[in-house]
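Quick notes on the structure that follows.
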Amino acid sequence: MKNMLFKLRILFLLPSLLLISGCNNDINEVQNLNFGTAIGVDFKDDKFHIYIQMLGLSSVAKLEDGTNVPPQVYISETIGETFIDAFFKAYRTSQERIIWAHVTAIVLSESALNKGIENIYDGLTRYYEFRSTPWVFGTLEPIDNILSTNGFFNQSSLNTILHSPQSSYEQSSWIRPIKLNKFARELLEPVQTTYIPTLTINKKQWKKNKGVEPKLAINGAFFLNNKEYKGFFELNDIKGIRWIASESKRVPILVPSKEKPEFLAVFEEKYVKIIPINVNGKYKYDVVFFANGYISNRLKNNVLNVKHMQNLVKDNIITQIKDFYQLGLDKNIDFLNIEHQLYRKHNREWKQMKKNNEPFLEEDIINDFKAYISLQHSGSFKKQKIVIHD
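Next comes the structure, spelled out in structure tokens:
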């Protein structure tokens, strides 16, 4: 009987003991865990260089007494024969377990992309803690410098375009940010050209108490097609990309030129159609652009002439798209995804052209560029719409 009572007491006490020990373990883990927030990948001297960014909890949350703590950023660099080999070497000095579920940015060097993205993507997606939604960037700068750059007002790197690019992109759209899952989808899609924005460190634009205040900036893009790296292009060389990208939220343009501006137009609604057309047994394409916008700022009174405004806006946008396409021709890169349009809409013909080794990019392959634009003046022409078309 006594033995039975003893067993019953143990049975009732056991859940309480488990709960107590579980709570203690949880508290210790939260205090001591290392949270990875960004990963950088470089390839130098035939070896992978892996960079890991970790932020202290005090850099993210405010202390109870309101103390303002400077951002604490730790950057690790490890070297390995393979991507995963270099990754595992980081554990040797991590002191505590590293949690990867909070990684929100991946930075790739040009040499890493030249080596091949498949090895990197495979390594990242095989471990269950990694999410498929980090932002993906490229850079020509040393990756540890990119990961060490903080935001304004003693805010951590989490408050920069490295981790939160969408906010600034919604105000002024140029190179669209892209997440890992979408980048992988576009990368693996047959004959589709994709790209990732590239980061640099701007040391001229901002100052803090008259001292240099480095800040991250997007300076161009890395382009890839069929998993192959195609090259880096600066912003000024690919102005037409903002009219082609369906993700663009707000696109400003100085008209007629940056050197001699007459007014600023802003477009918030836009899309482009690339339409394959069979012309005498050969496919050509119409590039048709649609947009709604408004005149934000005028610098000369004569700009109020409607005919003048029509020609300037239309010519500028079409010229930038044409220049973007021509650059692709010169570099043998399908910036407008012309071949992909044929692959999706006329797959049988695409296969036949592929079989016959026929070129998909040629000088005369564009049948026509067209623009249909609706503008609304926000000043003295308020509520008066100006319809612009060819």
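Residue numbers are given in UniProt numbering: position 148 of the sequence shown equals residue 148, and the series is strictly consecutive.
Where a beta carbon is used, it is the ideal one built from N, C-alpha and C, also for glycine.
Assuming residue i and residue j are in contact, meaning their beta carbons sit under 8 angstroms apart, how far apart are those beta carbons, in whole angstroms?
i           : j           : result
residue 240 : residue 153 : Between residue 153 and residue 240 the Cβ distance is about 36 angstroms, and since that is not below 8 angstroms, they are no contact.
residue 227 : residue 199 : Not a contact, Cβ separation roughly 22 angstroms.
residue 99  : residue 40  : 18 angstroms between Cβ atoms; not a contact.
residue 104 : residue 135 : 7 angstroms
residue 255 : residue 312 : 5 angstroms
residue 221 : residue 175 : 5 angstroms
residue 263 : residue 318 : 18 angstroms between Cβ atoms; not a contact.
residue 86  : residue 162 : About 21 angstroms; that fails the 8 angstroms criterion.
Go to residue i, then tell me how far its beta strand (DSSP E) extends in each direction, as first and last residue.
i           : result
residue 343 : Segment 338 to 345 is the alpha helix (DSSP H) holding residue 343; no beta strand (DSSP E) there.
residue 265 : 263 to 279
residue 392 : Since the first residue shown for the chain is 1 and the last is 390, residue 392 is missing from the structure and cannot be characterised.
Whole angstroms are fine: how far does the CA of residue j sit from the CA of residue i?
i           : j           : result
residue 248 : residue 209 : 35 angstroms
residue 167 : residue 334 : 29 angstroms
residue 367 : residue 275 : 10 angstroms
residue 82  : residue 212 : 38 angstroms
residue 372 : residue 114 : 39 angstroms
residue 314 : residue 217 : 29 angstroms
residue 125 : residue 84  : 11 angstroms
residue 343 : residue 288 : 19 angstroms
residue 341 : residue 354 : 14 angstroms
residue 146 : residue 89  : 21 angstroms
residue 346 : residue 356 : 16 angstroms
residue 201 : residue 214 : 6 angstroms
residue 374 : residue 321 : 18 angstroms
residue 266 : residue 310 : 14 angstroms
residue 52  : residue 190 : 32 angstroms
residue 244 : residue 95  : 47 angstroms
residue 376 : residue 235 : 28 angstroms
residue 117 : residue 225 : 11 angstroms
residue 78  : residue 173 : 35 angstroms
residue 28  : residue 326 : Here the model assigns residue 28 a pLDDT of 46, short of 50, so the residue's position is not dependable, and the following value carries that caveat. Cα to Cα, residue 28 sits roughly 60 angstroms from residue 326.
How should residue i be labelled, buried or exposed, when 16 other C-beta atoms within 10 angstroms of its C-beta is the threshold for buried?
i           : result
residue 45  : exposed
residue 150 : buried
residue 273 : exposed
residue 279 : exposed
residue 128 : exposed
residue 260 : exposed
residue 297 : exposed
residue 339 : buried
How about residue i and residue j: are their beta carbons less than 8 angstroms apart?
i           : j           : result
residue 192 : residue 337 : yes
residue 271 : residue 246 : yes
residue 363 : residue 329 : yes
residue 73  : residue 164 : no
residue 97  : residue 33  : yes
residue 111 : residue 43  : yes
residue 180 : residue 133 : yes
residue 109 : residue 75  : no
residue 365 : residue 285 : yes
residue 107 : residue 137 : yes
Taking the alpha helix (DSSP H) that residue i belongs to, which residues open and close that run?
i           : result
residue 232 : Not the alpha helix (DSSP H): residue 232 falls in the beta strand (DSSP E), residues 228 to 234.
residue 125 : 117 to 126
residue 243 : 241 to 244
residue 184 : 180 to 188
residue 147 : 143 to 148
residue 86  : 83 to 89
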